[in-house]
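Residue numbers (my numbering): 147 to 481. Ideal Cβ positions, reconstructed from N, Cα and C, are used throughout, including at glycine.
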């Protein structure tokens, strides 16, 4: 491993580990207890559609594994959008105007004999439709014990929720977990100020508690990195600050092939790519906007395939530079 990788094994968690569930008003997001290991009910049992998608990045085998869905009022994800214009844009895209559904697209890469999961997913920390990753791992013949490394771009609950089992243990018992140093300091080092989030105070409180709960089982051995670090050969982290203090993007590379994972630079291509509205959960909106433009410009100029964590499954496509900004072009399905 190269780059700056920091290990803090004696950090004492100061918050209470129990958080009550929170349901926002109709159309709002849900915040539940710690992640569970399987969510067959949320998938609709055997009648559900496939939740994994295989492809390659050079010599690296890659599989998008869905952890399910979250969502909330569209204005949360397009904070500066005029209400009437936002509703019309959603109608023209054949989307509901009262709720924006977001996918949870984690990525498994297999390289040099190691299985590396990029983003852990939400579990049920943000509603009952999460937690599908374990069933989707099973569908491709893997168990949580088979995962060697988990790398999260930032420590929001929808990216770390599955690190904890319903019983409070490590969901990926053999995996080394990597998280951004600045996020750990902000969310775990003290009580974070979440007043910037456009949600009720109760939601903010439970949001912070869900982060602590999710990270608690891995805290004694977590590896803290700074963006720019190469986690393993073929996986480099890129600074993408603003959404959180330490958020990173991921560049998977092998030979001449690359794949860019943009984490939460954009929530949905309709409102944050095709239209440049600002996500409300961005802690520092100006810094996040600069990161978004810099990375989207790179993706467009280099014609990089892109994986959007919250984009419609499987979340793969390209950024097209336009006169007014960018456009999202989904990739053709590979059989």
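Which of helix, strand or coil DSSP assigns to residue 408:
Residue 408 falls in the coil class under three-state DSSP.
CA-to-CA distance, residue 468 to residue 145, given in whole angstroms
Nothing about residue 145 can be reported from this structure: the residues present for the chain run from 147 to 481 only.
Can you tell me the Cα-Cα spacing of residue 400 and residue 385, whole angstroms?
Straight-line Cα distance between these residues: approximately 20 Å.
Using a threshold of 8 Å, state whether the C-beta atoms of residue 370 and residue 411 are closer than that.
Result no, Cβ atoms of residue 370 and residue 411 do not sit closer than 8 Å.
Own chain, CB closer than 6 Å to residue 471, minus 5 neighbours either side, in chain order:
Excluding five sequence positions before and after residue 471, the CB atoms of its chain that fall closer than 6 Å to its own CB belong to 422, given in chain order.
Sequence-distant residues of its chain with Cβ nearer than 6 Å to residue 426 (five each side left out):
Only 222, 225, 344 meet the Cβ criterion.
At least three beta-carbon pairs within less than 8 Å, the region 327-343 to the region 277-286:
No, the region 327-343 does not touch the region 277-286.
Leaving out five residues before and five after residue 249 in sequence, what residues of the same chain have Cβ atoms less than 7 Å from its Cβ?
For residue 249, the CB contacts under 7 Å within the same chain, skipping 5 residues up- and downstream, are 212, 215, 456, 457, 458, 459, 461 in chain order.
Exposed or buried, which one is residue 342 when buried takes at least 16 other CB atoms within 10 Å?
By the Cβ-count criterion, residue 342 is exposed, with fewer than 16 other Cβ atoms from all chains shown falling within 10 Å of its own Cβ.
Could you give the DSSP three-state label for residue 128: helix, strand or coil?
This structure gives no information on residue 128, because the portion of the chain shown stretches from 147 to 481.
Same chain, Cβ closer than 6 Å to residue 450, five either side skipped, listed in chain order:
Counting only Cβ-Cβ distances below 6 Å, and skipping sequence neighbours, we find 404, 406.
Proximity to residue 235 [Cα-Cα], best of 448, 274, 417:
Out of 448, 274, 417, 417 has the C-alpha closest to the C-alpha of residue 235.
If you scan the region 340-383 from start to end, which runs of the alpha helix (DSSP H) of 4 or more residues do you find wholly inside it?
If only complete runs of 4 or more residues are kept, the region 340-383 shows the alpha helix (DSSP H) at 347-361, in order along the chain.
Cross-strand partners of residue 397 (DSSP beta bridge)
382, 406.
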